[in-house]
Every structure is written in C-alpha cells, then in structure tokens.
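In what follows, a single structure is set out as structure tokens and then discussed.
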Amino acid sequence: MLDSKIPQGPIESKWTKYKSTVPLVNPANKRSLEIIVVGTGLAGASAAATLAELGYKVKSFCFQDSPRRAHSIAAQGGINAAKNYQNDGDSVYRLFYDTIKGGDYRAREANVHRLAEVSGNIIDQSVASGVPFAREYGGLLSNRSFGGTQVQRTFYAAGQTGQQLLLGAYSGLQRQVGLGNVRLYSRHEMLDVVNIDGKCRGIIARDLVSGKLERHFGHAVLLCTGGYGNVFFLSTNAMGSNVTAAWKAHKKGAFFGNPCYTQIHPTCIPVSGDHQSKLTLMSESLRNDGRIWVPKRKEDAAAIREGKLNPNDLKEEDRDYYLERRYPAFGNLVPRDVASRAAKERCDAGFGVNKTGEAVYLDFAFNMKYKYGKQVATLKHITDPTEEQLTAFGHEVIKEKYGNLFDMYKQITGVDPYKNPMMIYPAVHYTMGGLWVDYNLMTTVPGLYALGEANFSDHGANRLGASALMQGLADGYFVIPYTIGAYLANEISVKPISTDHEAFVKAENEVSDRLNKLLAIKGTKPVDYFHKRLGKIMWDKCGMARNVEGLTWAISEIQKIREEFWKDVRVPGDANEFNPELEKAGRVADFIELGELMCKDALERNESCGGHFREDYQTEEGEALRDDENFKHVAAWQFNEVGNWTLNKEDLVYENIKIAQRSYK
Amino acid sequence: MSGNMNINLKVWRQKNGKSQGKLVDYKVEGVSPDMSFLEMFDVLNDRLVSEGKDEPIAFDHDCREGICGMCSMYINGRPHGPNQGVTTCQLHMRSFKDGDTIVVEPWRAAAFPVIKDLAVNRSAFDRIIASGGFISVNTGNAQDANSLPIAKDNADEAFAAAACIGCGACVAACKNSSAMLFVSAKVSQLALLPQGDPERNTRVLNMVAQMDTEGFGACTNTGACSAECPKEISLTNIARLNREYFAAQLGSDRS
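Chains as they are written, first to last, in the numbering used here: chain A, 6 to 670; chain B, 7 to 261.
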C-alpha cells in the first residue's frame with residue numbers, strides 16, 4: 006500500500022506544524038552524513054547548496070561540463086509566487102487553488118499547498134543571492150501574467166528567468182564547492198543506484214571523459230535529474246536531457262507515477278524539416294501581448310500556405326481569434342493543454358498557416374500599436390499620433406519586454422517577428438509524471454529521493470506556466486532540507502559503507518556489462534535512427550490526442566523497436582574514452598522502455614485530464630472529460646521486468662477544494 | 007526536406023588530450039539552409055557512424071537554443087562563427103553559401119585543454135566562480151524581496167552583465183587567452199547590486215587571483231572578447247572590474 010505520509014491537521018498548518026516536529030540531526034552528526042545529489046538544475050543545485058550549508062557532506066553530479074548548463078537554464082518566462090505585490094487579490098490559497106485546478110484535479114493537495122506557502126521565500130532567497138529580476142522605476146519587483154491565472158504573480162528576468170535563477174543557485178553551489186562542503190563531479194553520468202538491505206546507499210557513475218566507472222556511497226541519494234520529454238525525440242528539452250537516472254532507480258524499486266502526463270506547450274517554433282534536432286519554445290509570457298489566430302476561411306488559409314496572401318493584409322473581421330472566441334474569460338491565457346489542443350483542432354480542420362499546415366499565428370501588431378504605442382504617445386504628450394508613430398513607440402516596448410525571444414525567433418526562422426506575426430505550433434515541453442514520492446519527497450526506495458521535474462508530485466495532469474521553476478527551487482531550498490531529517494535522524498549511527506561491498510561490485514559489473522553489450526552489437530543503424538522512430542510513434546499515438554487503437558499499436562511497435570535496437574544498433578568507439586554516441590545509446594535504450602510504459606499508462610487511464618487527452622473521453626465542446634469516480638488517483642507503476650509492470654494506486658483526497666469540471670470560459 | 011547546399015568542412019580531429027590533432031576534410035552534401043550548424047554536424051556524424059570508417063566528431067552542445075553556453079566551435083577563425091550575438095547552435099546554414107569551405111576548431115587556450123576533437127575542459131570557469139562569484143547568503147536568511155528597492159538602471163545593468171552564459175568565447179577570441187570579460191561580468195553584476203556590496207573587495211581580489219592561477223592571459227584592451235561575445239557583454243564591465251580591483255587593493259570604501 007502506498008503511504009503518502011501526509012501530515013494530519015488542517016491544510017494551512019500541515020507544513021508549519023510538520024516542519025517544527027520533523028526529527029532533527031545535530032550539527033556534529035550532519036558532518037558524518039553523506040548525501041549524493043544527482044543533477045544540478047534548480048532542484049539539484051539549490052538542494053546541494055542548502056544541504057551543504059546545513060553541514061552535510063555533499064557530492065554533486067552532472068553529465069554536462071559544468072553545473073551551470075543544466076536545462077533549467079533555458080526556462081524563459083518566469084516564476085510564480087503568491088506575494089500579492091500587485092494588490093490584485095493573490096494569496097497562498099489562490100496559488101494553491103489555481104495549481105490544483107490547472108492540474109485538472111490530479112495533484113496532491115498537501116504538496117501543492119506547501120509549494121504555494123514557500124513560493125514567496127523563493128523570491129526573497131533569489132533576490133538575496135543576487136538574481137537580477139525585472140524591476141519597476143520605483144525600484145520594486147515587476148510582475149506579469151501567465152496562463153491559467155487571473156492575477157499577476159509571475160516574477161521574471163526578461164526572457165531569461167531560468168538562466169538567472171539557475172546562476173543564482175549555481176553560485177550558491179560553487180560557494181559550497183569553494184568551502185569544501187560539496188565535491189563536484191561534472192561530466193559524470195549516474196548509471197545505477199545501489200541498494201543495500203532495502204535502502205539506497207549510493208550510485209554507480211561513469212566519468213564521461215575517461216570512461217571509468219566509479220562507485221560512490223551516500224547515506225541518501227537525491228535524484229534531481231529533470232523530465233523525460235526527449236522520449237519524443239523532438240522536444241524543447243536539451244539534447245542531453247534524459248530519463249536514465251530516474252529509470253535506473255525505477256528498475257531498482259522506485260515506482261513511476263503517472264508516466265503518461267506530458268505537457269505539450271502551445272507556443273513553439275514549428276518543425277522546419279527532417280534534419281531538425283530539437284524544438285524551440287517561445288515563452289508563454291508572449292501570450293500576455295500576442296494574440297493567437299488563424300484565418301476564418303479555409304481558402305484564405307490555403308492562400309497563405311501557398312504564399313499568395315500576406316497575413317498582415319488579412320482584414321480583422323476575416324481572422325479567427327479562436328482562443329478569445331472559445332474562452333472569453335481567459336482568452337489567450339488559457340492553460341497550456343487547452344491552448345495546445347485548440348491549435349491542433351484548427352490545424353486538423355485545415356486552417357494551418359505554414360507549408361506543413363501545422364502552425365498558427367501569434368500576433369503582436371495589435372498590442373504593439375494600440376496598447377503600448379498609445380501608452381508611450383500619452384507619456385510623450387502626443388495627442389494625435391500617426392499609425393507609424395504608434396508602431397514605432399510600441400516596437401520599443403515590445404523589444405524591452407521580449408527582445409531576446411524575438412531575436413531568437415528571427416535567428417531560427419529567418420523571419421522578422423516585429424514585422425510579421427510569429428508562427429507557432431505545440432511541442433513537447435515538460436513531463437508532469439515522474440518518480441512517485443511521498444510528502445517527504447522520498448521514493449518507494451528508502452533513502453532515495455526525487456526532486457523537481459524528476460518527481461510526479463505537484464502539477465497533476467497539467468502544469469501551469471512559471472510553476473516549474475517554483476517547484477524546483479521549493480523542493481531544493483525549502484522542502485528537502487527539512488524532510489530529509491525524518492530519514493537521516495535514524496541513520497546517524499550508520500558508518501559509511503565501503504564501496505567494496507558486494508552490492509557495489511555487482512552494480513558496477515552490471516553497468517559495465519550493459520555498456521559492453523551496446524558496443525558489441527556493431528549493427529548497421531546509428532542510435533538516432535531508433536530514437537527518431539520511437540519519437541514519431543510517441544508523438545503520433547501518445548501525444549496531444551490518444552486512443553485505444555493507437556496506443557495498443559504503439560505498444561507493440563515499441564516492443565519491436567526495442568528488439569531491433571538490441572540487435573542492430575551501431576555504437577562506435579569503446580567504453581574507456583569520451584564517447585558521446587555510447588552515452589546516447591544508453592539513454593535511448595532507457596527511453597524505449599519508458600515509452601512502452603507511457604503508452605500503457607495512457608491506455609489504462611480511461612478518461613481525459615489535463616495533458617492526457619483520450620479522444621474517446623471528451624465533452625460535446627471537445628473539452629477533456631474526467632472520470633473522478635474511477636480515476637481520481639495517481640497511477641504508480643512498479644517494475645517487474647522489462648515490459649512488465651504492476652499498477653499501484655494512490656487515491657487523491659480533496660478536502661479543501663471542491664472538484665469540478667474545469668472551465669476557462 | 008533536405009537542401010541543396012554542399013559544404014566542405016575542415017574539422018580539428020584529436021583523439022584525446024594527450025595526442026596530436028590535425029585538420030581533416032569532410033564534404034557534407036544536401037545541406038538545407040534552415041539547418042543549424044550543429045544539425046549539419048549531426049548529419050555528418052550519422053554518416054560517419056553508418057559508414058563505420060571514421061569515428062563521429064565529438065563536440066559539446068546541449069540546449070541548442072543559445073542559453074546553456076555548452077556549444078563551443080571556433081568557425082573560420084571566429085568563436086561561434088560569423089554572426090554577431092549568436093552561439094554556434096543558433097548559427098544557421100543560411101549564413102553560408104553553397105560550396106563554402108569552413109574550418110572548425112576547438113577553443114584554443116592553455117586553460118581550456120582539449121578533451122577530444124572539438125570538446126574542451128572549461129572547469130576553470132567553475133573554479134573562478136567558486137573563488138568568489140557569489141553572495142554569501144545561506145538559504146533561509148533572506149528578507150522580503152521588496153524591502154530592498156534597487157534603481158531600475160542598476161538592476162538593468164546588472165542583468166545585462168548577468169546575461170553571460172560562460173561559454174568561453176571571450177577567451178577563445180582573445181590573443182592572450184584572457185578571461186577578463188567573463189570575470190568582469192560576474193564582478194559587475196554583483197557590484198551593481200546592494201546585496202553584493204559587503205563582499206565586493208574580497209570578491210574581486212579572489213576572483214582575479216583564481217583567474218591568474220588558472221593560467222589565463224592578461225588583458226590588453228583589444229576588445230575582441232566583447233566583439234565576439236554571443237551575449238554581447240560590454241567592455242565597460244572590464245573597466246568596472248579594474249576600478250573594483252584597484253579600489254579593493256587600496257582597501258578603499260567606494261560609494
């Protein structure tokens with residue numbers, strides 16, 4: 006039976022009370038306790054730094070050449086916090102409520118409330134560590150809106166919020182490295198966890214430069230290794246982002262929660278060709294000022310696709326601002342899952358605007374002129390500005406707000422978005438699913454934790470924009486430093502276990518055998534060939550819309566890919582050197598196994614919720630139709646052997662929020 | 007949708023840090039102008055793996071959207087190639103012509119030893135940050151974020167300095183392999199903010215000392231670093247670093 010270990014008591018005081026009663030470890034004992042932190046994104050860097058500040062001995066691992074490269078760095082738009090600096094009615098409860106509703110009532114109440122409670126501290130902590138957030142002329146912090154909310158609670162640093170927050174956490178981590186409290190292992194990849202007597206006691210890591218396998222002991226191991234969106238091959242993830250650490254943990258006993266919950270982000274640059282290696286996000290913050298539309302008439306859409314009609318020449322009344330039409334209350338700022346499906350619906354119906362028919366417009370012309378242009382004109386005391394003046398004034402404001410995003414768009418597409426509407430289409434962005442954890446962030450393996458995107462806990466079936474950064478830092482700065490005490494307080498008498506212990510030796514041998522096996526296949530096809538095939542199946546059958554037939558087919562297809570991969574993959578070079586192809590091969594092998602589980606989970610969940618949209622479960626208006634009677638639970642999958650899992654369930658209890666059909670109309 | 011450009015590459019191949027390297031010629035056909043420079047390398051590597059004659063070319067890359075700072079190719083004598091304000095991953099083949107010959111090398115600096123082919127070791131940058139590129143505030147001690155108003159101009163200037171992605175192009179561009187632009191960006195960011203003030207003297211002294219220990223060269227104010235910086239970090243940061251450094255040496259109190 007899954008025990009989520011949610012503390013008793015009213016929701017407002019659960020965390021405060023728990024924090025004050027959770028067992029502590031005294032400073033002298035902390036010095037003899039070792040913690041391994043895998044991953045150096047927001048969750049990993051903040052956890053490693055904070056635990057080291059507390060006095061624990063920390064080892065920090067990342068596969069990149071520096072901890073500062075972790076993919077949190079690429080988050081653009083912002084970070085939510087219930088500060089209510091704008092006096093617009095925000096509160097901890099409202100952030101809690103928005104997050105539960107945004108997640109389509111599939112997240113755990115107690116975790117989400119805690120997240121909302123600590124959200125304000127994150128902003129304080131980040132500012133104190135030198136993060137240069139955007140500010141108003143009065144010197145105070147600036148806010149903007151994100152999807153699924155009606156308040157302004159998003160803090161930001163131009164379109165580089167993730168970068169600035171990560172560099173803040175990274176500087177804290179490097180400070181502890183300099184002080185000798187953290188040992189840093191960059192260009193190291195975790196390739197297995199080591200369990201001894203039912204507890205996680207360390208990891209096997211590969212030094213990616215020398216290729217040497219290393220054994221590392223820890224009283225506890227924290228996986229802060231991000232999401233698994235790259236199972237789709239094309240996603241907004243970094244090329245190196247992978248599921249391997251989480252997957253190895255899963256195979257050693259950690260349950261995997263809600264693997265089918267993936268977030269398809271509505272505003273990404275459309276695919277341009279077969280050579281494409283990744284997709285680039287255009288921040289959700291753009292939906293503050295960009296209006297999404299397609300032509301009202303199919304013939305206009307066709308003319309645009311053929312290059313015979315310039316979208317700027319299409320009259321206002323001939324445009325369909327379909328989000329504003331369908332969801333008047335939230336308009337262009339509906340949650341991501343809703344916006345993505347709406348784009349797919351229009352494109353499937355034949356209204357797409359690029360050559361492939363898979364793109365819609367994100368248009369800034371209106372707000373550039375009439376919102377910002379007019380504002381500036383008023384400030385300049387120009388009472389009767391010309392259209393050209395309005396455009397020029399608005400241009401400057403848009404540039405300050407979103408300049409780097411506009412530059413990036415131009416760089417990638419070769420089209421100037423100041424003059425032409427952006428073309429966007431949904432793409433895989435984030436995975437709400439992940440390792441199942443209890444309230445302490447511990448997986449089903451004692452001593453093994455999962456933080457940030459790597460766990461499943463806070464976003465239910467759909468994550469709201471600007472909440473990923475919040476969760477990563479909440480877990481690392483403010484949750485794990487307390488909750489880890491509940492476990493480590495009982496470990497103070499455990500002496501470090503020698504890495505000559507048979508469990509370490511066995512785990513290392515298994516890792517080494519697998520690497521050698523990959524190299525020995527010497528087949529005919531490069532790793533990417535299999536990854537692309539897997540990705541296409543996942544996107545077509547387990548992407549924005551899913552059905553029984555497609556998922557069943559996908560499962561058998563993925564099994565075939567797995568067989569072929571292990572017979573015919575070609576991995577050059579050897580294991581005792583810097584070998585990026587070998588790294589990739591190991592990761593893709595894990596993605597193939599995961600892909601099967603995702604489809605299985607999607608097939609098992611006979612309802613639609615958030616990012617999981619089953620075509621057979623929808624309302625007459627095409628909205629997701631939940632089945633709370635039968636599916637108000639977390640699906641936590643237990644690994645038996647490759648291709649074989651047991652399903653466990655954690656019932657979700659809503660005591661503070663009345664669950665309802667989600668509406669953004 | 008493959009394209010019709012043919013590109014001649016001369017790529018630095020080096021087995022590991024101990025062996026000698028050399029430029030090797032490759033011809034890549036059917037390149038699309040919409041491909042990124044790295045996607046062209048993906049195509050080439052795919053071919054090299056399939057043919058099995060030559061090992062694929064090792065190069066660093068990760069986010070492929072110009073922000074992680076991992077990609078690092080020295081293209082036709084310029085870090086990150088011909089375009090202004092762009093990382094290698096955001097350089098697209100439409101910036102080249104059919105039939106072009108392109109020379110691709112790793113960052114060249116004593117402090118950035120080659121690991122393999124085009125990948126180098128930049129951990130010297132991490133050690134410089136560890137020597138002082140932070141504010142010493144433990145988690146949990148922060149006051150309310152808005153209790154410390156910061157003039158917008160200062161905040162904006164600090165942000166501009168903080169935009170550095172730590173890629174090392176400045177070092178690769180510099181004839182002396184100096185890391186002054188990188189160090190000055192962090193020193194500036196923190197010196198411009200009131201939170202960074204208490205440690206400004208020790209910070210600049212320690213970071214400069216670490217920079218020297220790592221074997222980076224001296225700055226002779228040529229400005230190649232800033233000209234080649236993909237984030238266009240301004241040279242004025244170096245001027246500020248020098249001011250901070252001299253003032254710290256004198257132990258003076260700046261305000």
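We put the CB at the ideal spot given by N, CA and C, even for glycine. This one's a predicted model, so the numbers in the text were calculated from it and none came from an experiment.
Quick one: which chain A residues come within Cβ less than 8 Å of residue i?
i              : result
serine 129(B)  : Asp70, Ser71, Ser191
leucine 196(B) : Gly135
leucine 199(B) : Gly135, Pro137
In whole angstroms, give me the CA-to-CA distance for residue i and residue j.
i                 : j                    : result
threonine 26(A)   : methionine 195(A)    : 34 Å
leucine 384(A)    : phenylalanine 398(A) : 11 Å
lysine 62(A)      : alanine 243(A)       : 30 Å
aspartate 70(A)   : phenylalanine 131(B) : 11 Å
aspartate 150(B)  : arginine 158(A)      : 15 Å
methionine 46(B)  : valine 55(B)         : 14 Å
serine 134(A)     : arginine 631(A)      : 43 Å
valine 189(B)     : isoleucine 664(A)    : 53 Å
glutamine 90(B)   : glutamate 234(B)     : 7 Å
glutamate 250(B)  : isoleucine 485(A)    : 38 Å
arginine 44(B)    : serine 498(A)        : Before going on, a small fix: residue 44(B) reads as leucine here, not arginine. Cα to Cα, leucine 44(B) sits roughly 51 Å from serine 498(A).
glutamine 179(A)  : isoleucine 135(B)    : 6 Å
methionine 475(A) : threonine 107(B)     : 47 Å
threonine 651(A)  : glycine 172(B)       : 45 Å
serine 113(B)     : leucine 171(A)       : The amino acid occupying residue 113(B) in the given sequence is tryptophan; serine does not appear at that position. Rounded to the nearest angstrom, the two C-alpha atoms are 25 Å apart.
glycine 14(A)     : aspartate 463(A)     : 20 Å
glycine 44(A)     : proline 119(B)       : 24 Å
So what's residue i in DSSP terms, helix, strand or just coil?
i                    : result
asparagine 521(A)    : helix
arginine 246(B)      : helix
isoleucine 662(A)    : coil
phenylalanine 222(A) : strand
alanine 629(A)       : strand
lysine 33(B)         : strand
asparagine 445(A)    : coil
leucine 198(B)       : coil
isoleucine 171(B)    : coil
alanine 139(A)       : coil
methionine 7(B)      : Here methionine 7(B) scores only 45 on pLDDT, less than 50, and its place in the model should not be relied on; the value that follows carries that caveat. Residue state, collapsed to three classes: coil.
glycine 23(B)        : coil
Between the Cα of residue i and those of the options, spot the shortest distance and give me the residue it belongs to.
i                    : options                                    : result
arginine 302(A)      : Leu146(A), Ala354(A), Val214(A), Asn409(A) : Ala354(A)
glutamate 634(A)     : Ala251(A), Tyr110(A), Arg36(A)             : Tyr110(A)
aspartate 505(A)     : Gly207(A), Thr488(A), Gly452(A)            : Gly207(A)
isoleucine 84(A)     : His118(A), Phe138(A), Glu39(A), Val43(A)   : Phe138(A)
valine 402(A)        : Val420(A), Ala370(A), Thr418(A), His224(A) : Ala370(A)
phenylalanine 260(A) : Arg324(A), Cys67(A), Ala455(A), Val214(A)  : Ala455(A)
cysteine 547(A)      : Cys265(A), Met475(A), Lys527(A)            : Cys265(A)
asparagine 127(B)    : Ile502(A), Gly555(A), Val214(A)            : Val214(A)
threonine 145(B)     : Val198(A), Leu328(A), Gly278(A), Gly60(A)  : Gly60(A)
tyrosine 487(A)      : Met6(A), Ile16(A), Tyr23(A), Asn293(A)     : Tyr23(A)
histidine 280(A)     : Pro39(B), Asn14(B), Asp31(B)               : Pro39(B)
alanine 79(A)        : Gly46(A), Tyr98(A), Leu100(A)              : Gly46(A)
asparagine 263(A)    : Val442(A), Arg188(A), Asn31(A), Val30(A)   : Val442(A)
isoleucine 429(A)    : Asn235(A), Arg292(A), Thr249(A)            : Arg292(A)
tyrosine 190(A)      : Ile309(A), Glu114(A), Ala50(A), Met543(A)  : Ala50(A)
So with CB distances below 7 Å, who are the chain A contacts of residue i?
i               : result
glutamine 90(B) : Within chain A, no residue comes near glutamine 90(B); the closest Cβ sits about 11 Å away, beyond 7 Å.
lysine 24(B)    : Result: empty, since nearest Cβ-Cβ is about 12 Å, beyond 7 Å.
arginine 100(B) : Gly419
proline 155(B)  : Gly143, Gly144, Leu145
Name the chain B residues that come within less than 7 Å of residue i, Cβ to Cβ?
i                : result
threonine 285(A) : Glu71
threonine 55(A)  : Thr145
alanine 162(A)   : Phe165
serine 176(A)    : Ile135, Gly139, Phe140
aspartate 129(A) : Ala148, Gln149, Asp150, Ala151
Along chain B, in chain order, which residues have C-beta atoms closer than 8 Å to that of residue i?
i              : result
tyrosine 90(A) : Asn152
Give the interface partners of residue i over in chain A, defined as CB-CB distance under 9 Å, in chain order.
i              : result
cysteine 40(B) : A small correction: the amino acid at residue 40(B) is aspartate; cysteine does not occupy that position in the sequence shown. Here the neighbours are Ser277, Gly278, His280, Gln281, Ile417, Thr418, Gly419.
Just grab the DSSP bridge partners of residue i for me.
i                : result
glutamine 268(A) : Tyr435(A)
Please compile the residues from chain B whose C-beta is within a distance smaller than 9 Å of the C-beta of residue i.
i                    : result
phenylalanine 237(A) : None at all; the shortest Cβ gap to chain B is about 15 Å.
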